[in-house]
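Each position in the sequence shown, counted from 1, maps to that position plus 1349 in the numbering used here.
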Amino acid sequence: MNPSVHYYNAKKYCPSCRDYVRYLQSIDSSFCVECGSKVRLFSTADKKAFLDGLKADKAAKKDKRVS
């Protein structure tokens, strides 16, 4: 596996562009290559879905241990 291939395909969510975009990484933040705004890992909807999935997995594991 060539790590540089994955690095160049990495995307984060830009709230200004309202899309997942390529980004430039600095020491403290990441910035959209299209508009220059700060980007974040997930959109709000995707973050909620991710956290809901974690909660469901945690509950399933807890139920498995009880039975």
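We treat Cβ as the ideally placed atom computed from N, Cα and C, and that holds for glycine.
- Residue nearest to H1355 within the set R1371, D1401, K1410 is R1371 (criterion: CA-CA distance).
- Judged by beta-carbon spacing, V1388 lies within the 9 Å limit of Y1362, meaning their Cβ atoms are closer than that value.
- In this structure, S1386 and P1364 form a Cβ contact; the two beta carbons are roughly 7 Å apart against a cut-off of 8 Å.
- The DSSP-derived three-state label of D1406 is helix.
- Excluding sequence positions up to five before and after Y1369, its CB lies within less than 7 Å of the CB of K1360, K1361, Y1362, all in the same chain and listed in chain order.
- Here the C-alpha atom of N1358 lies approximately 30 Å from the C-alpha atom of K1407.
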